[in-house]
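Top line first, the protein sequences correspond to chains A and B.
Position 139, counted from 1, in the first sequence is what this note's numbering calls 139; the numbers after and before it change by one each time, with no gaps.
Adding 180 to a residue's 1-based position in the second sequence gives its number in this note's numbering.
Note that beta-carbon positions come from the ideal geometry of N, C-alpha and C, so glycine has one too.
Below: one structure, written as structure tokens.
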Amino acid sequence: MKLQLKFLLPAVAFAALVGFFVVGLRQDPGEIRSPLIGKPAPAFSNESLGDAGWRVGSADFAGRAWLLNVWATWCAGCREEHELLLAIARENRVPMMGLNWRDDRNLALRWLEQLGNPYVSVAFDPDGRTAIDWGVYGAPETFLIGADGRVLQKRIGPLTREAWERDFVPLLPPPGGEDG
Amino acid sequence: MRLVALALAWSLVMPAFAIDTGEAFADPAQQQRYERLIRELRCLVCQNQSIADSNATLASDLRREVRDMLQAGRSDGEIRAFMTERYGDFVLYDPPMAPRTLLLWLAPALLLLGGIAVTGTVVLRRARAARANPASLEEEPDKS
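Structure (structure tokens):
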């Protein structure tokens with residue numbers, strides 16, 4: 001009995017260690033769960049990208065579900081997901097606002113002109129302050145905000161059709177519902 | 181000797197590599213708090229650097245936030261809370277003690293206790309065996 005314990009204990013400890021590694025090494029350290037999920041979305045009101053005299057912000061969607069997509073022209077992943085964003089905009093289930101992060105206004109406008117504009121409006125955030133309020137650390141990032149003003153979901157990195165269907169669509173308000 | 185000279189020369193050059201090019205605070209105490217805080221905060225783009233060491237844009241934005249909050253008279257705790265509310269505990273190099281991190285904090289102590297227990301048992305058992313049968317302690321039985 002004593003002898004068995006002597007061999008069993010190291011084996012159990014080793015198995016536990018392997019367990020930690022199996023779980024730990026499969027996690028992507030680049031994906032940090034946002035502490036904002038479940039919390040009220042940070043309010044902001046920024047210059048509109050297209051019109052410096054116009055302000056756009058979180059209040060524009062009060063009482064409605066909406067998406068906030070953080071993008072920039074220097075961000076390769078943003079280009080990658082752009083087609084999907086256009087498709088989501090065409091599906092017209094939920095309005096999408098853009099947050100243009102630390103970018104050049106002219107370059108950003110040209111990008112939208114050339115690639116198409118999936119956004120209802122775009123807030124301009126050249127010094128990154130709004131992005132910090134939202135805990136943004138790498139574009140692209142996409143948030144879903146519920147009608148109650150709480151952050152429901154966040155995607156870090158380019159959105160894919162699979163991730164959209166799996167993580168976002170189930171949280172959207174039912175289609176055909178009253179929407180503004 | 182030459183090595184010491186080299187190290188000294190290097191330490192003189194080091195400040196030239198400083199990442200943070202912002203102006204120093206007028207109040208040295210505030211400057212000290214600023215420097216300590218930016219060493220405690222992790223840059224989330226380059227995860228193994230603090231925002232003091234990183235020249236990523238996000239790190240410089242976060243340094244600016246810390247600087248502004250210090251100037252606005254916010255406490256160190258408030259500044260840390262501002263960061264964790266937005267970026268989670270991961271932004272702190274020292275994870276806080278919480279049920280989720282309890283194992284992380286206790287693991288070194290548990291491992292040490294386990295080691296002491298194992299060593300203790302082995303030593304005690306050998307001592308007991310030696311007392312019961314002193315001859316067994318000798319490596320080679322006397323063959324002469």
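What residues match up with Ser230(B) in a beta bridge as DSSP calls it? Indexing the second sequence from 1 puts residue 230(B) at position 50. Ser230(B) is bridged to Arg222(B).
Tell me whether the beta-carbon of Trp66(A) lies closer than 8 angstroms to the beta-carbon of Met97(A). Position 66 of the first sequence, counted from the start, is the residue given in the question as residue 66(A). Position 97 of the first sequence, counted from the start, is the residue given in the question as residue 97(A). The Cβ atoms of Trp66(A) and Met97(A) sit closer than 8 angstroms to each other.
Can you tell me the Cα-Cα spacing of Glu31(A) and Ile156(A), whole angstroms? The residue labelled residue 31(A) in the question sits at position 31 within the first sequence. The residue labelled residue 156(A) in the question sits at position 156 within the first sequence. Taking C-alpha positions only, Glu31(A) is separated from Ile156(A) by approximately 7 angstroms.
Counting pairs of Cβ atoms below 8 angstroms between the region 111-124 of chain A and the region 224-243 of chain B, do you hit three or more? Segment contact: the region 111-124 of chain A against the region 224-243 of chain B, fewer than three CB-CB distances shorter than 8 angstroms; contact not assigned.
With 8 angstroms set as the bound, which would you pick, yes or no: does the beta-carbon of Asp28(A) sit closer than that to a beta-carbon of chain B? Counting from 1 along the first sequence, the entry for residue 28(A) is found at position 28. Between Asp28(A) and chain B, the shortest Cβ-Cβ separation is not below 8 angstroms.
Thr281(B) and Pro35(A) closer than 8 angstroms at C-beta: If you number the second sequence from 1, residue 281(B) lands on position 101. If you number the first sequence from 1, residue 35(A) lands on position 35. Going by C-beta atoms, Thr281(B) is not nearer than 8 angstroms to Pro35(A).
Measuring straight from C-alpha to C-alpha, what distance separates Ser324(B) and Val302(B)? Translated into the one-based positions of the second sequence, residue 324(B) becomes position 144. Translated into the one-based positions of the second sequence, residue 302(B) becomes position 122. Confidence at Ser324(B) is low in this model, with a pLDDT of 49, below 50, so its placement is unreliable and the value that follows should be read with caution. Whole-angstrom Cα-Cα distance: 31 angstroms.
By a C-beta neighbour count over all protein chains shown, 10 Å radius and 16 as the cutoff for buried, is Asp248(B) buried or exposed? Position 68 of the second sequence holds residue 248(B). So Asp248(B) ends up on the exposed side.
Taking buried to mean at least 16 other C-beta atoms within 10 Å of its own C-beta, is Ile37(A) buried or exposed? Walking along the first sequence from the start, residue 37(A) turns up at place 37. Looking at its Cβ environment, which holds fewer than 16 other Cβ atoms inside 10 Å, Ile37(A) is exposed.
Taking Cβ positions only, does Tyr119(A) come closer than 8 angstroms to chain B? Within the first sequence, numbered from 1, the residue matching residue 119(A) stands at position 119. False, the Cβ-Cβ gap to chain B never drops below 8 angstroms.
If you run the structure through DSSP and keep just helix, strand and coil, what is Glu178(A)? Reading the first sequence from its first residue, position 178 is the one you call residue 178(A). Note that Glu178(A) scores a pLDDT of 49, beneath 50, so its modelled location is shaky and nothing firm can be said.
So does the region 97-106 of chain A actually touch the region 200-219 of chain B, counting three or more Cβ pairs closer than 8 angstroms? Taking 8 angstroms as the limit for Cβ pairs, the verdict is that the region 200-219 of chain B does not touch the region 97-106 of chain A.
Under 7 angstroms from the C-beta of Gly138(A): neighbouring residues of chain B: For the purposes of this step, residue 138(A) is taken as the residue at position 138 of the first sequence. Simply Val225.
Under 8 angstroms between the Cβ atoms of Arg219(B) and Leu272(B)? Taking the first residue of the second sequence as 1, we reach residue 219(B) at position 39. Taking the first residue of the second sequence as 1, we reach residue 272(B) at position 92. No. Outside cutoff.
Quick one: grab the DSSP three-state call for Glu245(B). As a position in the second sequence, residue 245(B) is number 65, starting the count at 1. In the structure shown, Glu245(B) sits in a helix (DSSP, three-state: H, G or I).
Between which two residues does the alpha helix (DSSP H) carrying Val298(B) extend? Here the question's residue 298(B) lines up with position 118 in the second sequence. For Val298(B), the enclosing alpha helix (DSSP H) covers residues 282-312.
How far does the beta strand (DSSP E) with Asn106(A) in it extend, from its first residue to its last? Position 106 of the first sequence, counted from the first residue, corresponds to residue 106(A). No beta strand (DSSP E) contains Asn106(A), which is instead part of the alpha helix (DSSP H) from 105-115.
Show which residues of chain B have a CB atom less than 7 angstroms away from the CB atom of Pro40(A). Here the question's residue 40(A) lines up with position 40 in the first sequence. None at all; the shortest Cβ gap to chain B is about 11 angstroms.
By the DSSP assignment, the beta strand (DSSP E) with Thr142(A) in it spans what residues? Stepping through the first sequence from its first residue, residue 142(A) is reached at position 142. Going by DSSP, Thr142(A) is part of the beta strand (DSSP E) stretching over 141-145.
Mapping DSSP to helix, strand and coil, what is Ser324(B)? Along the second sequence, read from residue 1 onward, the residue named residue 324(B) stands at position 144. Caution applies to Ser324(B), whose pLDDT of 49 falls short of 50 and renders its modelled position unreliable; the value that the coordinates give is listed next. Ser324(B): coil per DSSP, three-state reduction.
I'd like to know whether the C-beta of Arg247(B) is nearer than 8 angstroms to at least one C-beta of chain A. Along the second sequence, one-based indexing puts residue 247(B) at 67. Arg247(B) has a beta carbon lying at 8 angstroms or more from every beta carbon in chain A.
Between Leu67(A) and chain B, is the shortest Cβ-Cβ distance under 8 angstroms, so that the two count as touching? Translated into positions along the first sequence, residue 67(A) becomes position 67. No, its Cβ sits nowhere closer than 8 angstroms to a Cβ of chain B.
My output table needs one value for Asp133(A): the three-state DSSP class, helix, strand or coil. Here residue 133(A) is taken as the residue at index 133 of the first sequence, counted from 1. Of the three classes helix, strand and coil, the one that applies to Asp133(A) here is helix, per DSSP.
Looking at Ala139(A): is its Cβ nearer than 8 angstroms to the Cβ of Ala72(A)? Locating residue 139(A) in the first sequence gives position 139, where the first residue counts as 1. Locating residue 72(A) in the first sequence gives position 72, where the first residue counts as 1. Cβ distance < 8 angstroms, so Ala139(A) and Ala72(A) count as in contact.
Hey, does Tyr273(B) have any beta-carbon neighbour from chain A nearer than 8 angstroms? If you number the second sequence from 1, residue 273(B) lands on position 93. Not an interface residue.
Inter-residue CB distance, Asp148(A) and Phe44(A) (contact presumed, cutoff 8 angstroms): Locating residue 148(A) in the first sequence gives position 148, counting from the first residue. Locating residue 44(A) in the first sequence gives position 44, counting from the first residue. About 18 angstroms separates the two Cβ atoms, so there is no contact after all.
Please check if any C-beta of chain B sits within less than 8 angstroms of the C-beta of Ile32(A). Translated into positions along the first sequence, residue 32(A) becomes position 32. Judged by the 8 angstroms Cβ criterion, Ile32(A) is in contact with chain B.
Nearest residue (CA-CA) to Val70(A), options Ala131(A), Glu162(A), Ala16(A): One-based indexing of the first sequence puts residue 70(A) at position 70. For Val70(A), the nearest C-alpha among the options comes from Ala131(A).
Closer than 8 angstroms, CB to CB, is Tyr214(B) near chain A or not? Here residue 214(B) corresponds to residue number 34 of the second sequence, with the count starting at 1. Judged by the 8 angstroms Cβ criterion, Tyr214(B) is not in contact with chain A.
Give the residues from the region 102-128 of chain A that approach chain B closer than 8 angstroms (Cβ to any Cβ), ordered along the chain. The residues in question are Arg102, Asp127, Gly128.
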